[in-house]
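Below: the structure, in structure tokens.
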Amino acid sequence: MFAEGLKNLNIKFAWIVNSEDGLDEISPYAQTNVIQLKDGIISEIIIDPKTLNVNADRFDNLVGDDADFNADKMIEIFKGKDNDFSKAVCLNAAAGLIVGEKLH
């Protein structure tokens, strides 16, 4: 188990995520299973985007393309556009802030 390996490395806080739609990140479409290692304790969490009022449209909307297309999507996120890309980025950035213990 990956969490046990991280625990053996004396990692203080980590999340291992896998969404039910196959993403290796927190999904804006389906529940995401999280194995949490915090202060030596391993636990499980489920993140449900519907519970968080994240209403993404279609999984296909997250499919990237060439470098120009992907760059345009990133610029849209920075400009505050509300789309499936921005919802996915926000969910995963929030997770990073939680694991990085930057939220109080």
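Residue numbers (this note's numbering): 1 to 104.
All C-beta atoms in this analysis are idealised placements derived from N, C-alpha and C, irrespective of residue type, glycine included.
Of the choices the options, whose alpha-carbon is the least far from that of residue i?
i	options	result
I41	L97, E4, G100	E4
G22	I75, E76, A30	A30
S27	V99, L6, L37, A93	A93
N53	I11, C90, I98, G100	C90
A88	N55, K79, D65	N55
I35	L9, F2, D57	F2
D82	E101, N8, N61	N61
For the beta strand (DSSP E) that residue i lies in, which residues bound it at each end?
i	result
V63	Per DSSP, V63 belongs to no beta strand (DSSP E) and is neither H nor E.
S43	41 to 47
F13	13 to 19
Using the beta-carbon count (16 or more within 10 Å), is residue i buried or exposed?
i	result
V17	buried
T51	exposed
L37	buried
Looking at the secondary structure, which residues open and close the alpha helix (DSSP H) in which residue i lies?
i	result
K7	2 to 8
L91	84 to 99
Going by beta-carbon coordinates alone, are residue i and residue j separated by less than 9 Å?
i	j	result
N33	E20	yes
I77	F69	no
D39	F13	yes
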